[in-house]
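Numbering (the working numbering), first residue to last: 154 to 751.
Backbone N, C-alpha and C define an ideal beta-carbon position, used for all residues, glycine too.
Structure first, commentary second.
Right, dumping it as structure tokens:
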């Protein structure tokens, strides 16, 4: 048994097909892959287990000296090249098949890895070590002439391959003298040859993503960054139900040894709204249509009552949080948590996020099925709840576990709920409902402007009557509740810069929380700052900060939740949809228009 430990970082690429995903490091090691879906057991878990017990899939090149990694342009197909000291090398092509077939989207629970010789006669060995039950259970292994089966308690994986089975099972180095293909998926035989299947699926998947990317309405500048962010957001959609997960991982600490380790493999209604809006802004509305299927299920079952801030991707309400003591965690920094206690929280911004996420469906004529009066009636029930609780204490959008206040950000989203319902009523031609929701929106807006303003701080504070500052106040302009040139908003931007910024980076809030004061910058807050600066006319400063954030991405253009302001290192769950949303929003906001070059 190899005693290698796995030096973990977030220099990872993501592959996926809107059914499952995998994270692959710079040396082509599959470090994280939950099957059969995003929130399931990680059958490859090396990201959270850096020990010799790690579940990993690696093509180990003998004498490895350097590696290169990039996506096939405008696709979710990842290419990793490994070279030894003599210049000999292999290329690993990784992807999850996704393409149209027989009139439907084909997105099987299949991971394809293709190994090609680049030069010479390199030697490699295959370390193929899935585990089950969060790493506790080694699979039973059986073999056929061209396949290996890994049998677990509730899942059996079959790897069909044209590589030498004996060498894979013994983990022996051998000369790579030809291309080899590995097709991992359900315990089923392939309908055609291994190489033919792998090649066809690669060609079709590349074609799908290139056509998908081609349909995006891109800003002139930073196009590659926007395309990569958009593909990453698309891969966060669980297409079977329409849910959008916040990130693919659990328990990557927000800061070193902070204990701020959470499971993000669920659908937060807040994060999902921002994903939908970012994709809508570059004309990718299909994700919104898928998400609205999931969202309306949540709305209708709530019957106008309490709605949780997050649910499982299959609408699961209960997501009990527990700690896995046997896993060391990312870089040995546990705990490893599964589930999320935030499902029990009252976070009153949720009602506004629902209506903001659905609003475009009433106005957009491109949609296959536009929202109608029937959906409006259901959303009005959500709006009633928003108005009812907008000025009552909650845990807030940062999910504080030991403190409740009347949070400005929650009241703000309740205002947005009423405001957008009035606008939908206008589109539907319902004058009485326009008046009804406009009056409620005005009531909430007046309370916010009066009670969130802190004379002492000369800024909008994080709560009614409060004095502490919070980056979420920047959303007041983003959701159009206040004119960005209003002196109070400009003063708030200035105050937040003084209290929350470490150079270009921005923290969430200044007050200590359950774990003390935050150490790292929260990427979406930095992007909110960029948006606010652009809106108040400080575009040069906004562009400068955006360029810093682009450099903060990993080598493949992906971002996690947090950035350490001193080391520049990425922390927090990965890839974080919120952060990728910020990349799109900033590029769209700041780019020079197309008519400057054409």
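Quick one: complete alpha helix (DSSP H) runs, 4+ long, within the stretch 592-655? Given a length threshold of 4 residues, each whole run of the alpha helix (DSSP H) inside the stretch 592-655 is given here in chain order: 628-631 and 640-653.
Span of the beta strand (DSSP E) around residue 660: Taken as a continuous stretch (DSSP letters only), residue 660 belongs to no beta strand (DSSP E), as it is neither H nor E.
When you compare the CB positions of residue 550 and residue 423, do they come within less than 8 Å of one another, or not? yes
Among the candidates 719, 396 and 603, whose CA atom is the shortest distance from the CA of residue 674? 719
Since residue 510 contacts residue 425 with CB under 8 Å, what's their CB separation in whole angstroms? The beta carbons of residue 510 and residue 425 sit about 6 Å from each other, so the pair counts as a contact at 8 Å.
Below 6 Å CB to CB, which residues in the same chain sit around residue 401 once its five sequence neighbours on both sides are set aside? 174
With the cut-off set at 8 Å, would you say residue 390 and residue 355 are in Cβ contact? No. Outside cutoff.
Please determine if the stretch 682-699 and the stretch 630-649 are in contact, where contact requires at least 3 C-beta pairs separated by less than 8 Å. yes
C-alpha distance - residue 725 paired with residue 200, whole-angstrom precision: 13 Å
What are the uninterrupted segments assigned as alpha helix (DSSP H) that are 4 or more residues long and contained completely in the stretch 667-732, given in chain order? 676-688 and 692-705
Determine the direct distance from the alpha carbon of residue 420 to that of residue 412, and round the result to whole angstroms. Looking at the two C-alpha atoms, the distance is approximately 22 Å.
Pick helix, strand or coil for residue 415, following the three-state DSSP scheme. coil
Cα-Cα separation, residue 382 to residue 427: 13 Å
At what residues does the alpha helix (DSSP H) containing residue 274 begin and finish? Unbroken run through residue 274: none, as it is neither H nor E.
Report all residues from its chain with a CB closer than 7 Å to the CB of residue 716; omit the five preceding and five following residues, and keep chain order. 658, 673, 674, 676, 705 and 723
Can the beta-carbon of residue 261 be found less than 8 Å from the beta-carbon of residue 358? No, the pair does not count as a contact, with Cβ atoms beyond the cut-off.
If you drop the 5 nearest sequence neighbours on each side, which residues of the same chain put their C-beta closer than 8 Å to that of residue 748? none
Residues of its chain near residue 285, where Cβ-Cβ distance is below 7 Å and the 5 sequence neighbours each way are ignored: Answer for residue 285: 194, 196, 292, 305, 306 and 308, listed in chain order.
Among 366, 403, 540 and 523, whose alpha-carbon lies nearest the alpha-carbon of residue 445? 523
Give me, in chain order, the residues of the same chain whose beta-carbon lies closer than 6 Å to that of residue 737; leave out the 5 immediate sequence neighbours on both sides. 379, 382 and 431
Using the Cα positions of residue 701 and residue 407, report the straight-line distance between them to the nearest angstrom. 20 Å
Among 586, 644 and 283, which one has its Cα closest to the Cα of residue 110? A question about residue 110 goes unanswered here, because the residues of the chain that appear run from 154 up to 751.
Mind reading off the beta-carbon distance from residue 272 to residue 242? Whole number of angstroms is fine, and I expect it under 8 Å. 6 Å
Paired residues, beta bridge with residue 404 - DSSP: DSSP output for residue 404 lists no bridge partner at all.
Any chance you could list the alpha helix (DSSP H) runs of at least 4 consecutive residues sitting entirely within the stretch 299-334, in chain order? 318-323
Please classify residue 437 as buried or exposed, where buried requires at least 16 other C-beta atoms within 10 Å of its C-beta. Classification of residue 437: buried, given that the 10 Å Cβ count is 16 or more.
Figure out for me which residue from 322, 572, 660 and 645 has the closest Cα to the Cα of residue 298. Considering only 322, 572, 660 and 645, the residue with the shortest C-alpha distance to residue 298 is 322.
Backbone secondary structure at residue 237 - three-state DSSP: strand
May I ask you to report which of helix, strand or coil DSSP gives residue 444? helix
Output the residue ranges of the alpha helix (DSSP H) runs that lie fully inside the stretch 515-600 and measure 4 residues or longer, sorted by chain position. 526-542 and 561-581
Option in 538, 517 and 270 with minimal Cα separation from residue 570: Nearest C-alpha to residue 570: 538.
In terms of residues, what are the limits of the alpha helix (DSSP H) holding residue 364? 347-367
Taking 8 Å as the cut-off, does the stretch 615-622 touch the stretch 553-567 (at least 3 CB pairs, one atom from each stretch)? The stretch 553-567, when compared against the stretch 615-622, does touch it at the 8 Å Cβ threshold.
Does the beta-carbon of residue 475 have 16 or more other beta-carbons within 10 angstroms, so that it is buried, or is it exposed? Under the 10 Å beta carbon count, residue 475 is surrounded by fewer than 16 other beta carbons and is classified as exposed.
Tell me whether residue 424 sits in a helix, a strand or coil according to DSSP, three-state version. helix
Smallest Cα separation from residue 289: which of 331, 520 and 479? 479
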